[in-house]
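At position 288 of the sequence shown the residue is numbered 286 (my numbering), and the sequence of numbers has no breaks. Right, one structure below, let's go through it.
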Amino acid sequence: MVQKSKNRLYIGVDVGGTKIQASLVEDSGRILIRSRQSTPRELKGRKLVCSLCDAVEYCLNGADFSRKSLKAVGVALPGVVDQETGRLIIAPNLNLRNIDVRERLEAALKVPVAIGNDCDLGTLGESCFGAARGAKSVVGIFIGTGIGGGFVWNGQIWRGARSAAMEVGHMIMQIDGPLCGCGNHGCFEALASRTAVEKKIHQAVKKGQKTILTKILDNRLAIIRSGALRKALERKDPLTVSVMKETARILGYGCLTLRHVLDPEIIVLGGGVMEACGQWMFPIIQDVVKHSSLPGANTKSRIVLSALHDDAVVLGAVALARAIA
Ligand SMILES: [Zn+2]
-1 MVQKSKNRLY IGVDVGGTKI QASLVEDSGR ILIRSRQSTP RELKGRKLVC
49 SLCDAVEYCL NGADFSRKSL KAVGVALPGV VDQETGRLII APNLNLRNID
99 VRERLEAALK VPVAIGNDCD LGTLGESCFG AARGAKSVVG IFIGTGIGGG
149 FVWNGQIWRG ARSAAMEVGH MIMQIDGPLC GCGNHGCFEA LASRTAVEKK
199 IHQAVKKGQK TILTKILDNR LAIIRSGALR KALERKDPLT VSVMKETARI
249 LGYGCLTLRH VLDPEIIVLG GGVMEACGQW MFPIIQDVVK HSSLPGANTK
299 SRIVLSALHD DAVVLGAVAL ARAIA
């Protein structure tokens, strides 16, 4: 049980490929309760809504307050979301399309529901409660299995004409480069995501290069998580150091490109790779950005690591919910 709260309360839910995270949050952004459960396999429309309800109920049951204090629920989904209708258009990694998430969830929970894209909301979270508090224009870049991004301007998410803005992972960074999951070649994500790092390490190992990752992962190199990469960096494993150096340089050029396009006050870097290896990669990223030759592009711009870590998306969902009730 948590202490009684007189504040307006919100629940933010972040639906990921492996876990569904939810938190009960005061309107100040203070988190009262956190819950985390595995994302069910073969998620269908009804199952998604049930899982969301479960996550919300878990937060509510752990709290000692009147249900009336819950003003709204915000949901972050990894895909294209129609903010107006509250529908999930498509979430490729969850294999879901065309679900009226808001309508179904509002019917089940009897409170207003807002839904948004997870990277947009991660950026909104950092902008309202985290590393970019007080900044008027904020770009968020989230590096994990893929690369996603968001742009918040004057407290509002910039969605673009078709809700498809800030697909930063698919900026072409190398013409005719490696194939990306989207079908194009040379995307940012195909060059600098954790999946891209994994591929580069696999290729090097195939060519006979040795790496301490073999020992760290007990010979199972198929999936190389960010935590294992950090351990290998700590032990100065030459292969991991060289791949991650190159990855950090590419991330630096990604930041530079986004700055040239949008000129945000601040760029926040988050996601699993940055959580695990951000401190190590950060000086390399900054070095690339610092050496831009474009006159005037380097003044007063800041690049920072996420302050909210795993809570960024959930808190962004809360900020979105707070705006409707
Ligand atoms: Zn792509």
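Think of the CB as a built atom: it goes at the ideal place given N, C-alpha and C, for glycine as much as any other residue.
{"Check": "Mapping the DSSP letters down to three states, classify M(-1) as helix, strand or coil.", "Outcome": "Confidence at M(-1) is low in this model, with a pLDDT of 48, below 50, so the placement of that residue should be treated as unreliable; the coordinate-derived value is given next. Of the three classes helix, strand and coil, the one that applies to M(-1) here is coil, per DSSP."}
{"Check": "Can you tell me which of the three DSSP states S36 falls into?", "Outcome": "strand"}
{"Check": "Determine the contact status of G114 and V71, defining contact as a CB-CB distance below 8 Å.", "Outcome": "no"}
{"Check": "What first and last residue would you give for the beta strand (DSSP E) that runs through E24?", "Outcome": "K17 to E24"}
{"Check": "If you measure from each CB to the nearest heavy atom of ligand 1 and keep those under 5 Å, what residues do you get, in chain order?", "Outcome": "H168, C178, C180, N182 and C185"}
{"Check": "Hey, would you say G167 sits closer than 8 Å to E187, going by beta carbons?", "Outcome": "yes"}
{"Check": "In the DSSP assignment, find the unbroken beta strand (DSSP E) run with I264 in it and report its ends.", "Outcome": "I264 to G268"}
{"Check": "Quick check: the region 197 to 215 against the region 223 to 238, are there 3 or more CB pairs under 8 Å?", "Outcome": "yes"}
{"Check": "Tell me, to the nearest whole angstrom, how far the beta carbon of L75 is from that of A89; I am working on the premise that it is less than 8 Å.", "Outcome": "6 Å"}
{"Check": "With distances taken Cα to Cα, identify the nearest neighbour of L92 among W156, C185, L231 and T16.", "Outcome": "T16"}
{"Check": "Is DSSP giving I88 helix, strand or coil here?", "Outcome": "strand"}
{"Check": "If you reduce the DSSP assignment to three classes, tell me which class A315 lands in.", "Outcome": "helix"}
{"Check": "In three-state terms, what does DSSP make of Q172?", "Outcome": "coil"}
{"Check": "What did DSSP end up calling A112 once you bin it into helix, strand or coil?", "Outcome": "strand"}
{"Check": "Comparing C-alpha positions only, which one of T143, S304 and G84 sits nearest to G223?", "Outcome": "For the sequence presented, residue 223 should be read as Arg rather than Gly. It is T143 whose Cα lies nearest to the Cα of R223."}
{"Check": "Look at the alpha carbon of Q154 and the alpha carbon of C180, and state the distance between them as a whole number of angstroms.", "Outcome": "27 Å"}
{"Check": "Using the C-alpha atoms, what's the distance from T83 back to K229?", "Outcome": "45 Å"}
{"Check": "With distances taken from CA atoms, which of A20, L119 and L46 is nearest G269?", "Outcome": "L119"}
{"Check": "Could you check the C-alpha separation between A133 and P176 for me, to the nearest Å?", "Outcome": "36 Å"}
{"Check": "Per DSSP, which one or two residues make a beta bridge with L75?", "Outcome": "N115"}
{"Check": "Can you pull the DSSP bridge partners for C185?", "Outcome": "I170"}
{"Check": "Is the number of C-beta pairs between the region 278 to 285 and the region 146 to 162 that are closer than 8 Å three or more?", "Outcome": "no"}
{"Check": "When you compare the CB positions of D372 and I29, do they come within less than 8 Å of one another, or not?", "Outcome": "With the chain covering -1 to 323 only, the question about residue 372 has no answer from this structure."}
{"Check": "Go ahead and label K205 buried or exposed: buried means 16 or more other beta carbons lie within 10 angstroms of its beta carbon, across all protein chains shown.", "Outcome": "exposed"}
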